[in-house]
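Q: Below you'll find the structure I mean.
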Amino acid sequence: MNRTFLYESHLGLGSKFVNFSGWEMPIHYGSQINEHNSVRNSAGIFDVSHMNIFDFCGVEAKEFMRHVLTNDVNKIDDGSALYSVITNNEGGIIDDLIVYKFNNEKFRVVSNCSTFDDVNNFFESNIIKFDCEFHHKPSLGILAIQGPESEIALKNILKLELSNYKSFSFTERNKLFVSRTGYTGEDGFEVIGEPEELQNIWDLCISRSIPPIGLGARDTLRVEAGMNLNGTDMTIKNNPFESNLGWVVDFRISKEIL
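70 is the number of the first residue of the sequence shown in our numbering; add one for each residue after it.
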């Protein structure tokens with residue numbers, strides 16, 4: 070079973086583990102209710118390093134994104150992110166994801182762990198038509214710091230002014246990729262980087278009484294926020310409209326089948 074680089078840290082914090090799509094992940098650290106309420110009332114930190122990261126680059130990277138996504142990256146500026154889905158030729162949802170635009174020739178996609186093979190194969194089969202290449206980045210990890218006090222907490226840890234970054238925007242500083250995104254319905258940030266950098270952030274958060282949050286509370290938080298979970302609220306048998314995701318379909322670019 071796969072484990073993230075924080076496995077030993079989770080053990081030391083008394084985590085209870087669960088098999089999540091082949092990953093041994095913390096479900097809670099003693100009380101799912103307390104963890105849920107911490108994120109709603111203050112802040113909490115999640116290890117979401119089981120998620121998949123793909124980087125795309127090339128002169129036709131933007132055109133490729135407009136070809137494979139149901140939503141349109143032309144809507145966003147450099148340094149911004151967009152929620153979308155990718156579908157098969159019958160309109161079934163392969164996965165939902167967030168795409169980050171650095172510029173017209175460079176993008177990053179973060180998708181779910183359970184769909185890696187399908188997503189990777191989908192990108193491989195479509196990218197051959199474009200002057201663009203992509204790379205899976207399994208060496209990188211992801212932390213999510215979420216909650217109404219997340220900005221203050223992360224600002225103090227990273228020594229980075231975050232108030233100027235609006236929702237679904239991002240920056241790169243000191244080998245870290247920091248986005249104002251999340252999966253809880255609260256204000257929050259996600260940080261992508263090398264394990265040693267993220268381990269330091271994790272340890273600082275824990276030392277400053279920012280509690281670790283498991284997948285159990287992550288699920289109840291996203292349910293309260295009305296956010297879909299792939300494999301539960303949508304599958305390859307559902308199109309975006311059946312999954313209450315018609316708002317991420319831009320008919321100027323999406324396939325005729327939608």
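Ideal Cβ positions, reconstructed from N, Cα and C, are used throughout, including at glycine.
#1: Does the count of Cβ pairs from the region 80-94 and the region 136-156 closer than 8 Å reach three?
#2: Pull up the CB-CB distance for residue 165 and residue 154, whole angstroms please, since I reckon it's below 8 Å.
#3: Beta-carbon within less than 8 Å of residue 299's beta-carbon, same chain only, minus the 5 sequence neighbours each way: which residues are those?
#4: Determine the direct distance from the alpha carbon of residue 75 to that of residue 261, and round the result to whole angstroms.
#5: Can you tell me whether residue 225 is buried or exposed, with buried defined as 16 or more other CB within 10 angstroms of its CB?
#6: So, for residue 264: in the same chain, excluding its five sequence neighbours on each side, which residues have a beta-carbon less than 7 Å away from its beta-carbon?
#7: Measure the CB-CB distance between residue 191 and residue 130 and report whether it falls below 7 Å.
#8: Write down the C-beta distance between residue 140 and residue 319 rounded to the nearest angstrom, noting that I regard them as a contact closer than 8 Å.
#9: Going by DSSP in three states, residue 157 sits in which element: helix, strand or coil?
#10: Please work out which residues of its chain come closer than 8 Å, Cβ to Cβ, to residue 289, disregarding the five sequence neighbours upstream and downstream, and give them in chain order.
#11: Measuring alpha carbon to alpha carbon, tell me which residue in 87, 248, 321 is nearest residue 168.
#12: List the endpoints of the continuous alpha helix (DSSP H) containing residue 174.
#13: Kindly indicate which three-state DSSP category residue 149 falls into: helix, strand or coil?
#14: Measuring straight from C-alpha to C-alpha, what distance separates residue 219 and residue 174?
#15: Which runs of the beta strand (DSSP E) spanning at least 3 residues fall entirely within the region 86-150, listed in chain order?
#16: Out of 158, 121, 257, point me to the one whose CA is closest to residue 138's CA.
#17: Is residue 199 buried or exposed, if buried means 16 or more other CB atoms sit within 10 Å of its CB?
#18: Cα-Cα, which of 112, 188, 236, 243 is closest to residue 217?
#19: Could you tell me which residues DSSP pairs with residue 203 in its beta bridges?
#20: Between the C-alpha atoms of residue 238 and residue 150, what's the straight-line distance to the nearest angstrom?
#21: Whose C-beta lies closer than 6 Å to the C-beta of residue 117 among residues of the same chain, with five residues either side of it excluded?
#22: Which of the three DSSP states is assigned to residue 281 in this structure?
#23: Whose CA, out of 223, 109, 312, lies closest to the CA of residue 269?
A: Quick answer:
#1: no
#2: 5 Å
#3: 162, 164, 165, 181, 183, 184
#4: 14 Å
#5: Exposed, since its Cβ has fewer than 16 Cβ neighbours within 10 Å.
#6: 74, 210
#7: No, these two residues do not count as a Cβ contact at 7 Å.
#8: 5 Å
#9: Secondary structure of residue 157 (DSSP, three-state): coil.
#10: Result list for residue 289: 101, 105, in chain order.
#11: For the residues 87, 248, 321, the minimum Cα distance to residue 168 belongs to 248.
#12: Run containing residue 174: none; DSSP gives neither H nor E here.
#13: strand
#14: 31 Å
#15: 92-97, 113-116, 121-126
#16: 158
#17: buried
#18: Of the listed residues, the one whose Cα sits closest to residue 217 is 112.
#19: 125
#20: 6 Å
#21: Around residue 117: 211, 213.
#22: strand
#23: Per the Cα distances, 223.
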